[in-house]
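I have placed the structure first, in the form of structure tokens, so that the comments after it can refer back to it.
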Amino acid sequence: MKDLQRVGGLAALVEAATYIVGFAIGLIFLSDYLAGDMSAAETVKYIVDKEGTLYAWYTIIYVVNGIFLVVLAQSLAARFRSEVPSLAQTGAVFGFIWAGLVLASGMITLIGFGTLTDLHAESPTDAALVWESLSTVQDGLGGGIEIVGGLWIVLVSWAAHVTQRLPRFLNYLGVLAGIAGIATIAP
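Residue numbering for the sequence shown is 196 to 382, as defined by the numbering used here.
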């Protein structure tokens, strides 16, 4: 149990680092991409031109994040299991589902970038159509609606509140952040 908690602590730090590094890369190198005001054809051209940076960015924010999210979800569930077993187990399930969605979203996007780059050389118009499909799938899995992640954060925060394992302010902040994630379901 103690080793799992230590590994979970490390996973939490890696998770935080993926967000910090992801935001930094996004703001410094990919602000045009993230603004979302390019046409599909312009976006594909941007992806082709910045494929290496985008590949690294998606690897960090989706693949690395998803891998360490599994460890963090397992660690937090173990931490709360003795006092709130059902809440801990339900939270773990949502954490694992979220990790799977994050990983799938990232891997589909990474594979899609290669397809877009190859197709763009032959037909930029077809590449733009593929991008529209790819971005819809990616957003559906984990880039646009954060309901699963929001539920996980609410459950973990509530378990921490009930067990008094974390400061009350942090628990309430987590519940609010989780509700914000759940609210992304609204159009």
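All residues carry an ideal CB built from backbone N, CA and C; glycine is no exception.
Backbone CA spacing between Gly337 and Lys197 [nearest angstrom]
Cα to Cα, the separation comes out at about 32 Å.
Mapping the DSSP letters down to three states, classify Pro280 as helix, strand or coil.
DSSP places Pro280 within a helical segment (H, G or I) once states are collapsed to three.
Going by alpha carbons, who is nearest to Ile380 out of Thr285, Leu346, Leu249?
Of the listed residues, the one whose Cα sits closest to Ile380 is Leu346.
Between the C-alpha atoms of Leu324 and Leu225, what's the straight-line distance to the nearest angstrom?
For the pair Leu324 and Leu225, the Cα-to-Cα distance works out to about 22 Å.
Report, in whole angstroms, the separation of the C-beta atoms of Val357 and Gly373, which I expect to be a contact under 8 Å.
With a contact defined as Cβ atoms closer than 8 Å, Val357 and Gly373 miss out at about 15 Å.
If we require 4 or more residues per run, which alpha helix (DSSP H) segments fall completely within the region 305-335?
As far as the region 305-335 is concerned, its whole alpha helix (DSSP H) runs of at least 4 residues are 319-333.
Inter-residue Cα distance where the pair is Asp227 and Glu210:
Distance between the alpha carbons of Asp227 and Glu210 is about 25 Å.
Just to confirm the assignment, what range does the alpha helix (DSSP H) spanning Ser352 have?
That run of the alpha helix (DSSP H) goes 342-358.
Check for me: the alpha helix (DSSP H) holding Gly376 runs from which residue to which?
Gly376: member of the alpha helix (DSSP H) spanning 363-377, first to last residue.
Test item: CB-CB of Tyr257 and Val297 under 7 Å:
Yes, these two residues count as a Cβ contact at 7 Å.
Is Thr285 near the ligand GDP, judged by its Cβ being under 6 Å from some heavy atom?
Judged by which ligands are present, the structure shown has none, so any question about the ligand GDP falls away.
Local conformation of Ser234 per DSSP, three classes:
Three-state DSSP puts Ser234 in coil, outside helix and strand.
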